[in-house]
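Participant: In terms of my numbering, the numbers along the sequence shown are unbroken and rise by one, the last being 851. Just so you know, even glycine gets a beta-carbon here, dropped at the ideal spot from N, CA and C. Note that the structure is predicted; figures quoted are calculated from it, not measured. A single structure is presented below for examination.
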Amino acid sequence: MVSIVSSEMIQPAAAIPPARFELTAFDRIMRYVPYQKRVLFFAAPPGVEDDLFARVMGDLKRSLAEALVVFYPLAGGMRSTGETLEGLELDCTSDRGVKLSVAEASLRLGDLAPDFEPSMFCDSLCEIGSPEPAHPWKPEDPLLFVQVTRFQCGGLSIGVAFSHQAMDGISAWRFIACWAKLARSGLDRGSLSPKEIPGPFYSYKEETPAMDRDELLAAGAAGGFLPLESAESMPPLPLGTKIFKLDRAAIESLKIEAGISASDGKRFTTYEVVCANFWKRMTIARALPCGSASNFIILASGRGKMESVPESYFGNAVIYFLVSAAAEELDREPLSHAAELIHRAIAAGDEQRAKKITAFMDREIARLVTGYRIYPFHIVVSSPRHPVMECDFGFGRPLGSSFGTNDLHEGKIYLFPSAEMDGGMSVTAVLQPDAIQRLT
């Protein structure tokens with residue numbers, strides 16, 4: 412249903428500084444994570460179709476090359492290093508560039524709208540080859556794949572697949588928004604404001620003292636990760652997704668239900684309340700046995716919270732905390748209880764604790780799923796604060812967005828800003844098919 416018409420490598424528009432980056436603990440935590448796929452959908456631009464599409468592609472290529480000068484690590488290559496291949500090095504000594512493909516789809520946008528639910532078809536809107544790049548990483552694989560697909564109605568999609576070892580969602584959406592601005596304005600990289608320029612790159616200082624095994628496990632326990640003597644890996648499970656649209660009124664209603672404020676007197680944030688709501692509802696839908704723990708993994712950005720990670724930091728800067736409650740406790744207690752648990756975990760996340768848990772995650776990531784008691788778990792990814800709907804490439808704001816199915820896991824929750832830009836959000840929940848049917 413989607414046919415690739417052409418592919419080429421896009422190099423930066425100017426020479427980039429030759430550099431090699433030994434990536435940090437933040438990045439190494441992601442060492443096994445597959446490429447992250449994000450797709451934006453756009454209505455048909457007005458004008459003569461073929462001539463306009465050629466002009467659009469010209470603008471997209473020019474602006475992509477300009478953006479790569481500023482975000483130059485994305486033009487490099489990644490390699491796994493060390494005897495165990497657990498280290499990561501990003502090599503920017505030559506311009507490998509970004510792979511840009513042009514494709515045509517047999518469907519119309521109306522066949523996917525309004526929800527643009529993640530599917531194998533959406534995966535094909537951001538093709539990255541078969542087999543897909545995977546650990547151990549090879550420097551010849553692009554860190555960024557871009558695909559522009561034209562639909563039968565004249566609408567477009569722009570799919571981006573990025574190496575999660577090279578950047579997190581904040582860095583990725585910063586790049587995409589910058590690229591969109593350069594395409595929309597027709598200007599070069601000199602038009603970017605200081606706030607739009609990324610950096611420093613991969614400069615997180617791992618100042619945590621060396622820890623022996625007992626200290627490392629204690630750091631993990633402080634984050635909620637409790638080791639087992641042994642554990643068997645979970646086989647792949649069939650999964651279903653369900654999308655919920657929360658407008659501003661629905662979010663305010665949840666805040667009122669949660670009681671507005673935590674026990675420390677601070678107001679619950681929208682993030683805390685929405686996370687609590689779906690943790691509670693998904694736990695109930697999974698019908699966990701009485702006495703089972705239901706775990707919730709909290710992701711927070713370290714930008715502006717850690718001394719060596721400023722707001723403009725480029726790379727990965729995700730801090731993890733885990734909170735746990737009995738399944739029947741979440742079912743029995745009001746929403747305010749789950750919100751309070753999440754609020755306390757976030758409030759306790761000072762820099763020293765974050766550094767220790769990051770060191771634990773870095774050292775133990777290979778065993779984290781099979782060797783630690785975190786199943787069943789729920790985890791929120793993406794953010795309604797990402798500038799998804801602000802990515803206007805010169806032919807209007809997106810109609811909607813989607814993501815790849817290659818990284819779906821039971822208990823995952825995706826948050827995206829509302830396509831209506833009304834202060835609401837779109838929430839996609841991932842559970843086994845029977846549980847997703849019970850989720851209301």
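In or out: Q447 buried (at least 16 other Cβ within 10 Å) or exposed?
Facilitator: Under this definition Q447 is a buried residue.
Participant: Rounded to a whole number of angstroms, what is the C-alpha to C-alpha distance between I415 and M468?
Facilitator: For I415 and M468, the distance between alpha carbons rounds to 15 angstroms.
Participant: Taking 6 angstroms as the limit between beta carbons, can you name the residues of its chain near C701, skipping five residues before and five after?
Facilitator: Answer for C701: E739, listed in chain order.
Participant: Helix, strand or coil for L752? Go by DSSP, reduced to three states.
Facilitator: In this structure, L752 counts as helix in the three-state DSSP scheme.
Participant: Could you give the residue range of the alpha helix (DSSP H) that holds S535?
Facilitator: S535 -> alpha helix (DSSP H) spans M531 to S535.
Participant: Please report the distance separating the alpha-carbon of S812 from that of M832.
Facilitator: Rounded to whole angstroms, S812 to M832 spans 13 angstroms at the Cα level.
Participant: Here's the rule I'm using: 16 or more other beta-carbon atoms within 10 Å means buried, otherwise exposed. How should G597 be labelled?
Facilitator: With fewer than 16 Cβ atoms within 10 Å of its Cβ, G597 is classed as exposed.
Participant: State the Cα-Cα distance for the pair A594 and R473, rounded to the nearest angstrom.
Facilitator: Computed Cα separation, rounded: 8 angstroms.
Participant: Could you have a look at S714 and say whether DSSP puts it in helix, strand or coil?
Facilitator: The displayed chain sequence assigns Arg, not Ser, to residue 714. In this structure, R714 counts as coil in the three-state DSSP scheme.
Participant: Name the one or two DSSP bridge partners that H789 has.
Facilitator: For H789, which the question treats as bridged, DSSP gives the partners F707.
Participant: Which runs of the beta strand (DSSP E), 3 residues or longer, sit entirely within the region 430-462?
Facilitator: Counting only runs of 3 or more, we get 431-433 and 447-453.
Participant: In the DSSP assignment, what residue or residues form a beta bridge with L842?
Facilitator: Partner(s): G651.
Participant: Please state whether DSSP places M836 in a helix, a strand or coil.
Facilitator: Strand.
Participant: Between the alpha carbons of G570 and L451, how many angstroms are there, rounded?
Facilitator: Cα to Cα, the separation comes out at about 6 angstroms.
Participant: Who are the near neighbours of I587 in its chain, counting only those whose CB is closer than 7 angstroms to its CB and skipping five residues on each side?
Facilitator: Contacts found: V571 and C802.
Participant: Can the beta-carbon of A514 be found less than 7 angstroms from the beta-carbon of Q558?
Facilitator: Going by C-beta atoms, A514 is nearer than 7 angstroms to Q558.
Participant: Count the other CB atoms, across all protein chains shown, that sit within 10 Å of the CB of P605; report buried if there are 16 or more and exposed otherwise.
Facilitator: Exposed: under 16 other Cβ atoms inside 10 Å.
Participant: Below 8 angstroms CB to CB, which residues in the same chain sit around L819 once its five sequence neighbours on both sides are set aside?
Facilitator: The answer, listed in chain order, is P529, L650, T652 and V841.
Participant: Give the straight-line distance between the Cα atoms of V734 and V799, rounded to the nearest whole angstrom.
Facilitator: Looking at the two C-alpha atoms, the distance is approximately 29 angstroms.
Participant: My understanding is that V509 touches L475, with C-beta atoms under 8 angstroms, so please give their C-beta distance in whole angstroms.
Facilitator: With 8 angstroms as the limit, V509 and L475 qualify as a contact, their Cβ atoms being about 7 angstroms apart.
Participant: Using only alpha-carbon positions, find the residue among V791, C686, R561 and A436 that is nearest to I768.
Facilitator: Closest option to I768, Cα to Cα, is A436.
Participant: Can you tell me where the beta strand (DSSP E) with A514 in it begins and where it stops?
Facilitator: Taken as a continuous stretch (DSSP letters only), the beta strand (DSSP E) holding A514 covers V509 to A516.
Participant: How many Å lie between E751 and S712 at the Cα?
Facilitator: Cα to Cα, E751 sits roughly 20 angstroms from S712.
Participant: Going by the CB atoms, is the gap between L648 and E821 shorter than 7 angstroms?
Facilitator: Yes, the pair counts as a contact, with Cβ atoms nearer than the cut-off.
Participant: Look at W690 and H789 and say whether their C-beta atoms are less than 7 angstroms apart.
Facilitator: Yes.
Participant: With distances taken Cα to Cα, identify the nearest neighbour of A759 among I427, V685, I671 and D675.
Facilitator: Of the candidates I427, V685, I671 and D675, the one whose C-alpha sits nearest the C-alpha of A759 is D675.
Participant: Output the distance between the C-alpha atoms of A465 and P542, rounded to the nearest integer angstrom.
Facilitator: Their Cα atoms are separated by approximately 30 angstroms.
Participant: From L554 to S517, what does the alpha carbon distance come to, in whole angstroms?
Facilitator: Each residue's Cα considered, the two are about 28 angstroms apart.
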